[in-house]
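Under numbering that gives the first Met the number 0, the first residue of the sequence shown carries the number 0, and numbering increases by one thereafter.
Each residue gets a CB set at the ideal place from its N, CA and C atoms; glycine is no exception.
No experiment lies behind these values; they were computed from the predicted model shown.
Report on the structure given below.
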Amino acid sequence: MINNLDESSKQLGRLQEINSAALNNEKVAKTGAVFVNKTSVDFDKTDIDDECFRLIKITQEGESAPVNLYSDSPDVFQIAIGVKKLVFEDELTFTPGEGGTFVHIRFSPNRTGHYTGNLVLKSGDGQQTVTLNGRGGSYIAAPASEQLKGLSPLLKWAAILVVLGGVGYTGYTYKCQLIPSLCDQANDTQQVNNEPSDNLPVPATTSQEAKVETIEPATKVSAEPVVKPSARVNKVQTQNGKDQTTVRNENNTEQKAVNTTRSSQTQKSKPAQKAPASEESDLELELNKKPGV
0 MINNLDESSK
10 QLGRLQEINS
20 AALNNEKVAK
30 TGAVFVNKTS
40 VDFDKTDIDD
50 ECFRLIKITQ
60 EGESAPVNLY
70 SDSPDVFQIA
80 IGVKKLVFED
90 ELTFTPGEGG
100 TFVHIRFSPN
110 RTGHYTGNLV
120 LKSGDGQQTV
130 TLNGRGGSYI
140 AAPASEQLKG
150 LSPLLKWAAI
160 LVVLGGVGYT
170 GYTYKCQLIP
180 SLCDQANDTQ
190 QVNNEPSDNL
200 PVPATTSQEA
210 KVETIEPATK
220 VSAEPVVKPS
230 ARVNKVQTQN
240 GKDQTTVRNE
250 NNTEQKAVNT
260 TRSSQTQKSK
270 PAQKAPASEE
280 SDLELELNKK
290 PGV
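So this is what it looks like as structure tokens:
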């Protein structure tokens with residue numbers, strides 16, 4: 000008797016297990032199984048206040064039932080469904096269509112650094128999680144102020160002076176391109192003739208023109224002998240009754256040879272100076288006196 004009771008109790012327990020399993024299978028078949036095509040989503044490096052988008056696909060097998068999807072980091076990761084007009088929210092409840100439903104995920108960082116979040120999908124008593132990874136930053140170099148944070152004050156000021164000097168040099172070098180009016184004013188004040196003939200230096204002028212003389216070798220002129228005329232003797236009777244003989248030399252000068260030089264065309268000839276008239280000697284004055292004077 001006791002053995003029969005034990006066997007009957009064991010069979011009853013087995014029947015209860017079979018019934019509970021059948022009930023669970025029926026419940027799953029009614030709600031349907033939900034599947035996500037990705038378990039992790041990675042976003043590209045995104046600039047601050049910019050956006051990056053990714054897609055996941057959610058499918059459901061069996062009987063369709065509503066599912067709930069939400070983001071645990073709604074300030075960075077948002078979700079939306081649709082084709083034409085997308086409205087991003089932090090939580091959605093929808094029924095997957097035949098062939099699956101695409102969910103848009105938006106990543107919008109507000110600072111530089113790494114971001115991590117999760118999408119939680121609930122369907123019936125089941126739950127699935129999709130991990131989200133993103134990085135906020137910029138491909139452009141960080142501002143100079145951020146780069147100088149780790150430098151000492153001396154290096155910081157030195158870098159600032161170098162930057163200011165470079166900016167000043169660039170501005171001075173390309174001032175005509177940056178502010179053309181500056182160069183236009185300079186050109187107006189300096190009026191320069193572009194013709195080469197007008198820009199030649201003017202030679203200095205003097206009161207007297209420079210005289211260039213070319214000296215040619217002197218030509219010798221042969222001297223001709225000069226014949227002296229005979230002396231003429233004049234007798235003059237003085238008051239004492241004595242005859243005084245005077246000798247008058249005429250043309251007693253000898254002609255000398257004259258060396259003439261030829262002057263070039265550039266030499267200016269000077270007018271010949273007239274020789275002063277020779278004065279008569281005392282003897283000639285006495286001879287030329289009239290008798291009886």
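Nearest to residue i (by Cα), restricted to the options the options
i: HIS113; options: ASP41, VAL166 and LEU181; result: ASP41
i: GLY125; options: ALA64, ASP43 and LYS44; result: ALA64
i: ASP89; options: LYS174, ALA158 and LEU68; result: LEU68
i: GLY81; options: PHE93, SER72, LEU181 and TRP156; result: PHE93
i: LEU54; options: LEU163, SER70 and LYS37; result: LYS37
i: ASP48; options: THR111, GLU60, GLN59 and VAL35; result: THR111
i: GLY98; options: GLN59, VAL161 and GLU50; result: GLN59
i: PHE52; options: TRP156, LEU85, TYR168 and LEU181; result: LEU85
i: GLU50; options: VAL35, LYS83, ASP71 and PHE87; result: PHE87
i: SER72; options: TYR171, GLY164 and VAL129; result: VAL129
i: ASP46; options: ASN109, TYR173 and LEU163; result: ASN109
i: GLN127; options: GLY170, GLY133, VAL66 and ASN287; result: VAL66
i: LEU118; options: LYS83, ASN287 and VAL35; result: VAL35
i: ASP43; options: GLY133, ALA158 and TRP156; result: GLY133
Buried versus exposed call for residue i [16 or more other C-beta atoms within 10 Å across all chains shown]
i: PRO179; result: exposed
i: THR100; result: buried
i: GLY96; result: exposed
i: GLY135; result: buried
i: ILE57; result: buried
i: VAL33; result: buried
i: LEU154; result: exposed
i: GLN176; result: exposed
i: LEU91; result: buried
i: VAL235; result: Per-residue confidence for VAL235 stands at a pLDDT of 47, beneath the threshold of 50, marking its modelled position as unreliable; the derived number appears in the next sentence. The residue is exposed, with fewer than 16 neighbouring Cβ atoms inside 10 Å.
i: SER122; result: buried
i: VAL220; result: Bear in mind that a pLDDT of 49 at VAL220, under 50, signals an unreliable position, so the model cannot answer this.
i: GLU285; result: exposed
i: VAL161; result: exposed
i: VAL166; result: exposed
i: LEU131; result: buried
i: SER70; result: buried
i: LEU181; result: exposed
i: THR252; result: Caution is warranted here: a pLDDT of 42 is assigned to THR252, below 50, making its placement in the model unreliable, and no coordinate value can be reported.
i: VAL246; result: Bear in mind that a pLDDT of 43 at VAL246, under 50, signals an unreliable position, so the number given afterwards is only what the model happens to contain. That one is exposed.
i: GLY116; result: buried
i: GLY61; result: exposed
i: LEU163; result: exposed
i: GLY170; result: exposed
i: LEU378; result: Only positions 0 to 292 of the chain appear in this structure, which leaves residue 378 out of reach.
Terminal residues of the alpha helix (DSSP H) in which residue i lies
i: LYS155; result: 152 to 172
i: VAL285; result: The question names Val, but residue 285 in the sequence shown is Glu. Start and end: 281 to 287.
Boundaries of the beta strand (DSSP E) in which residue i is found, first to last residue
i: GLY123; result: Neither: GLY123 is in no beta strand (DSSP E) and is coded neither H nor E.
i: ASP43; result: 39 to 45
i: SER70; result: 66 to 70
i: GLU60; result: 51 to 60
The ligand GDP heavy atom lying under 7 Å from the CB of residue i
i: PRO108; result: Here there are no bound small molecules, and the ligand GDP is not part of this structure.
8 Å Cβ cutoff, residue i in contact with chain B
i: LEU181; result: Among the chains in the structure shown there is no chain B, since it carries only a single protein chain.
Q) Taking only runs of the beta strand (DSSP E) that begin and end inside the region 72 to 117, which ones reach a length of at least 3 residues, in chain order? A) If one requires a minimum length of 3 residues, the beta strand (DSSP E) runs lying completely within the region 72 to 117 are 76 to 80, 90 to 93 and 100 to 106, in chain order.
Q. Counting pairs of beta carbons, one from the region 74 to 81 and one from the region 94 to 105, are three or more of them closer than 8 Å?
A. Because the criterion of three Cβ pairs below 8 Å is met, the region 74 to 81 and the region 94 to 105 touch.
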